[in-house]
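Q: The structure follows.
Have a look at this one:
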């Protein structure tokens with residue numbers, strides 16, 4: 001018999017004690033019913049948001065001038081973004097835990113460690129405000145804001161559903177892309193201001209990687225814009241009404257591929273694995289945020305998850321039907337968040353599976369493969385647009401057929417994914433091997 | 444020492460021409476002693492030109508604990524625990540090397556059961572050590588998950604060690620004249636169960652890491668150490684075999700009845716690039732785990748009843764004389780040069796740490812490569828600083 005030592009109870013002090021006590025006491029009773037039925041806290045966030053927006057539109061909008069409505073909506077968006085980041089960080093830890101045959105955080109908050117991010121955030125707030133002596137003070141202080149604020153601003157034109165948008169803009173897509181591109185400025189600023197060589201390396205890597213991958217990212221999206229004829233995100237979403245087969249990803253083979261080029265480029269622009277060179281732990285210690293601690297570090301951390309959700313949201317709106325359901329007529333912001341969350345989850349899946357690629361390979365992948373491919377997709381998509389109309393009935397018929405074939409391929413891929421995941425889940429005890437099985441609870 | 448000119452293989456790393464009117468300077472980058480991928484407290488000073496590393500100079504000595512000097516002050520038996528701390532990932536093998544050196548000089552005969560137990564534990568520790576090397580190499584390459592898997596498997600090896608000697612890292616189990624304890628009840632069954640479990644897991648690592656396209660691109664053709672260079676710099680163990688040299692002390696000069704076992708020596712064949720690249724060194728370790736499993740299975744079958752300790756006095760006294768004895772450690776050939784003047788402690792003990800010699804090749808190979816390649820090279824050399832500095 002092996003000796004299994006009793007784990008000492010976790011000790012908390014001060015404010016964190018109060019929060020953790022609250023979470024531990026009220027966590028199971030207050031929210032477990034809500035959480036256990038839905039997948040994670042995303043749904044809880046949605047319910048809160050739905051109620052909030054409904055209340056604002058029903059009661060507050062008619063009474064107040066527009067700027068107060070704006071303030072209220074921005075605060076709501078800010079709350080949403082924070083929830084996205086907090087749940088994203090918690091989710092990342094749970095996903096990585098499951099992938100690595102661990103449990104991840106299980107203690108704080110009683111229900112699968114749901115309050116772990118809150119406790120961590122609290123810890124970071126309490127930390128000493130540390131700035132290296134030789135750092136460039138103003139830049140060092142400014143950099144986290146430059147990284148986080150644009151990532152948040154991207155949400156201002158992202159529609160969650162019809163009418164669920166802060167500002168409907170005719171150049172909404174451009175605005176989101178521009179905002180996401182500003183983030184690199186904050187990263188370079190942080191790397192430079194830290195006055196550390198490792199940070200500088202991280203910043204330089206970030207600069208060349210992020211700026212390079214903007215191009216294939218934009219070109220892939222441009223292919224979509226061309227086939228719909230609008231930069232307005234609402235219009236783009238509206239063009240995909242009518243179920244699974246009317247989603248833009250299935251409209252023609254070029255858009256189908258463009259989704260994947262966009263997704264890869266978006267991984268790079270979010271500094272996510274396998275493109276996480278700017279903060280590559282084993283090479284650059286922590287990259288551009290090596291010298292950051294406390295709340296400033298939290299801001300970089302938040303910015304990453306906020307940007308992750310933003311690029312996934314963009315992919316959802318442009319390729320995966322946005323708020324439209326796979327079955328016609330059930331449009332809801334729930335679908336939008338669900339699809340985006342799925343894409344975020346895939347990003348996490350990649351991160352915990354793949355090794356990191358090297359800086360020259362990053363540039364090669366972009367310049368030699370991704371850029372020509374996305375250019376080709378752009379040209380191909382525009383040619384397709386030229387022929388897929390009433391003037392060419394034969395081609396139109398072929399395109400109509402092909403678009404169902406692509407939809408079928410999409411269904412097949414999704415089915416394969418769920419079949420694989422289900423197989424893995426139901427056979428997890430067998431697949432994990434005899435030694436691990438003995439250590440599982442209930443063995 | 445013969446200086447070997449070495450040309451980097453890849454065309455990516457050739458220095459570009461810099462216009463003469465732009466004055467550029469090389470950046471000196473201090474990697475370590477606190478750095479996640481220097482595997483301890485190694486300090487490497489890099490001369491860099493952007494991402495290009497022109498020169499890497501290792502500085503050692505941050506973990507020096509005077510092991511050799513201590514040996515002169517303690518008795519032979521008392522030095523065994525110090526050998527645990529040389530290469531702390533392969534304590535059993537270090538114990539074995541020291542015990543064999545003393546036994547050879549003192550003419551001590553070890554019983555058969557103890558010999559087989561030594562083989563079993565040395566090979567189990569080789570598995571544990573290679574699992575750490577594999578996992579950490581994945582971590583160096585940015586893949587976190589193989590690291591956790593490898594450490595999970597290593598825990599089961601450590602459980603086996605703990606059951607037999609109570610320690611999980613510093614065992615002092617293989618002592619002069621045999622092994623300290625006999626096996627507890629049911630241990631052989633547990634060991635067999637672990638060996639059955641490990642086989643499929645190696646295939647899992649191969650699918651997850653070894654044959655991963657990104658991983659191959661990161662390690663194939665990187666840090667190439669040709670056979671002549673490896674021999675000139677005294678590389679041993681999986682680093683030497685990774686360079687395609689078929690040399691293993693367990694076959695060449697068998698000790699502990701290794702000649703009775705049927706196993707192969709895996710060598711690097713340049714499967715994913717050039718012979719002697721990082722991938723070869725890495726994959727040799729993966730293959731060696733399989734060979735160790737084979738050896739342990741055979742040793743468990745051969746295990747006979749009998750004493751586990753030779754009749755050796757508590758205070759071991761060696762005749763005057765000197766001996767140099769080498770064993771095949773997970774990281775290479777661990778050598779003990781023992782000079783005795785006839786007392787209960789050595790006059791001088793010189794330890795040849797394989798990691799130290801393997802590390803010596805770093806400044807030669809890490810020339811005109813990228814920053815990430817230095818990490819790849821260091822990880823594939825699989826150094827343990829406790830052994831480099833002793």
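Residue numbers (this note's numbering), protein chains in the order written: chain E, 1 to 443; chain X, 444 to 833. The beta carbon of each residue, even a glycine, is placed where N, CA and C say it ideally should be.
#1: Could you say which of 792/X, 808/X, 515/X, 513/X lies nearest to residue 667/X if we only look at CA atoms?
#2: Quick one, are the C-beta atoms of residue 214/E and residue 303/E less than 8 Å apart?
#3: Can you check whether the C-beta of residue 588/X is within less than 8 Å of a C-beta belonging to chain E?
#4: Anything in the stretch 350-365 of chain E with a Cβ closer than 7 Å to a Cβ of chain X? List those residues in chain order, please.
#5: Grab me the residues of residue 331/E's own chain with a C-beta within less than 8 Å of its C-beta, minus the 5 sequence neighbours each way, in chain order.
#6: Among 144/E, 209/E, 247/E, 344/E, which has the Cα closest to the Cα of residue 328/E?
#7: Of all the CB atoms in chain X, is at least one closer than 8 Å to the CB of residue 38/E?
#8: Under a CB-based cut-off of 8 Å, is residue 264/E close to chain X?
#9: Quick test of the definition: if touching needs 3 or more C-beta pairs under 8 Å, does the stretch 748-762 of chain X touch the stretch 531-540 of chain X?
#10: Thinking C-beta only, is residue 584/X closer than 8 Å to residue 356/E?
#11: Assuming residue 577/X and residue 728/X make a contact with CB atoms under 8 Å, what is their CB distance in whole Å?
#12: What is the DSSP secondary structure of residue 296/E, counted as helix, strand or coil?
#13: 8 Å is my cut-off, CB to CB: does residue 452/X come that close to chain E?
#14: When the cut-off is 8 Å and only beta carbons count, does residue 434/E lie next to chain X?
#15: What does residue 591/X touch in chain E if you count any residue whose Cβ is under 8 Å from its own?
#16: For the stretch 365-378 of chain E against the stretch 215-235 of chain E, are there 3 or more C-beta pairs whose distance is under 8 Å?
#17: Measure the alpha-carbon distance for residue 519/X versus residue 595/X and round it to whole angstroms.
#18: Considering residue 492/X, what are the terminal residues of the beta strand (DSSP E) in which it resides?
#19: If we count the other Cβ atoms within 10 Å of its Cβ and call it buried at 16 or more, is residue 378/E buried or exposed?
#20: Could you pull out every residue in the same chain whose Cβ sits closer than 7 Å to the Cβ of residue 343/E, ignoring the five residues on either side in sequence?
#21: Would you check if the distance between the CB atom of residue 284/E and the CB atom of residue 275/E is smaller than 8 Å?
#22: Measuring only the C-alpha atoms, how far is residue 770/X from residue 566/X?
#23: From residue 495/X to residue 393/E, what does the alpha carbon distance come to, in whole angstroms?
#24: Applying a beta-carbon distance threshold of less than 7 Å, which residues of chain X neighbour residue 280/E?
#25: Is it buried or exposed, residue 128/E, if we count other Cβ atoms within 10 angstroms and call 16 or more buried?
#26: Against chain E, with Cβ distances strictly below 8 Å, would residue 542/X count as a contact?
#27: With a cut-off of 8 Å, does the C-beta of residue 624/X fall near any C-beta of chain E?
#28: Which residue wins for smallest C-alpha separation from residue 772/X, given the options 531/X, 726/X, 569/X, 602/X?
#29: With 16 as the cutoff for other CB atoms within 10 Å, does residue 137/E come out buried or exposed?
#30: Answer with buried or exposed for residue 440/X, where buried requires no fewer than 16 other C-beta atoms within 10 angstroms of its C-beta.
#31: What residues in its chain sit with their C-beta under 6 Å from that of residue 38/E, if we drop five residues either side in the sequence?
#32: Kindly indicate which three-state DSSP category residue 38/E falls into: helix, strand or coil?
#33: Start and end of the alpha helix (DSSP H) containing residue 255/E?
#34: Quick one: does residue 134/E have its CB under 8 Å from some CB of chain X?
#35: Taking the alpha helix (DSSP H) that residue 106/E falls in, what are its first and last residues?
#36: Against residue 658/X, what residues of chain E qualify as contacts under a CB-to-CB distance less than 8 Å, listed in chain order?
A: According to the structure data:
#1: Answer by Cα proximity: 808/X.
#2: No. Outside cutoff.
#3: Yes, because at least one Cβ of chain E sits closer than 8 Å to the Cβ of residue 588/X.
#4: So the close ones are 352, 353, 354, 355, 356, 357, 358, 359, 360, 361.
#5: If we look at residue 331/E and ignore the five residues flanking it on each side, its Cβ neighbours are 161, 162, 241, 323, 324, 325.
#6: Ranking the options by Cα distance to residue 328/E, first place goes to 247/E.
#7: With a pLDDT of 49 at residue 38/E, under the threshold of 50, the predicted position of this residue should be treated as unreliable, though the coordinate-derived value follows. Nearest CB-CB separation between residue 38/E and chain X: not below the 8 Å threshold.
#8: Output row for residue 264/E: interface = no.
#9: No, because fewer than three Cβ pairs between the stretch 748-762 of chain X and the stretch 531-540 of chain X fall closer than 8 Å, the two stretches do not touch.
#10: Contact flag set, yes.
#11: Confirmed, about 6 Å.
#12: Note: residue 296/E maps to helix in three-state DSSP.
#13: In this predicted model, residue 452/X has a pLDDT of only 41, less than 50, meaning its place in the structure is not dependable enough to derive any value.
#14: At least one CB atom of chain X sits nearer than 8 Å to the CB of residue 434/E.
#15: Simply 100, 101, 102.
#16: A contact exists between the stretch 365-378 of chain E and the stretch 215-235 of chain E.
#17: Take the alpha-carbon of residue 519/X and the one of residue 595/X: they are about 35 Å apart.
#18: 486-492 is the span of the beta strand (DSSP E), which, as asked, contains residue 492/X.
#19: With 16 or more other Cβ atoms inside 10 Å of its own Cβ, residue 378/E counts as buried.
#20: Closer than 7 Å at Cβ, skipping near neighbours: 312, 315, 316.
#21: No, these two residues do not count as a Cβ contact at 8 Å.
#22: Rounded to the nearest whole angstrom, the C-alpha separation of residue 770/X and residue 566/X is 12 Å.
#23: Approximately 57 Å between the Cα atoms of the pair.
#24: Here the neighbours are 585.
#25: With a 10 Å radius around the Cβ and a threshold of 16 neighbouring Cβ atoms, residue 128/E comes out exposed.
#26: Not one chain E Cβ lies under 8 Å of residue 542/X.
#27: Interface flag for residue 624/X against chain E is unset, since no Cβ pair is found closer than 8 Å.
#28: Measuring C-alpha to C-alpha distances from residue 772/X to each of 531/X, 726/X, 569/X, 602/X identifies 569/X as the nearest.
#29: Residue 137/E comes out exposed.
#30: There is no way to answer for residue 440/X, as the model of chain X reaches only from 444 to 833.
#31: With a pLDDT of 49 at residue 38/E, under the threshold of 50, the predicted position of this residue should be treated as unreliable, though the coordinate-derived value follows. Cβ contact annotation for residue 38/E (same chain, cutoff 6 Å, sequence separation greater than five): none.
#32: Annotation note: pLDDT 49 at residue 38/E (below 50); position unreliable, coordinate value reported separately. Residue state, collapsed to three classes: coil.
#33: Residues 253-269.
#34: Cβ-Cβ to chain X under 8 Å: no for residue 134/E.
#35: Unbroken run through residue 106/E: none, as it is neither H nor E.
#36: The contacting residues are 355.
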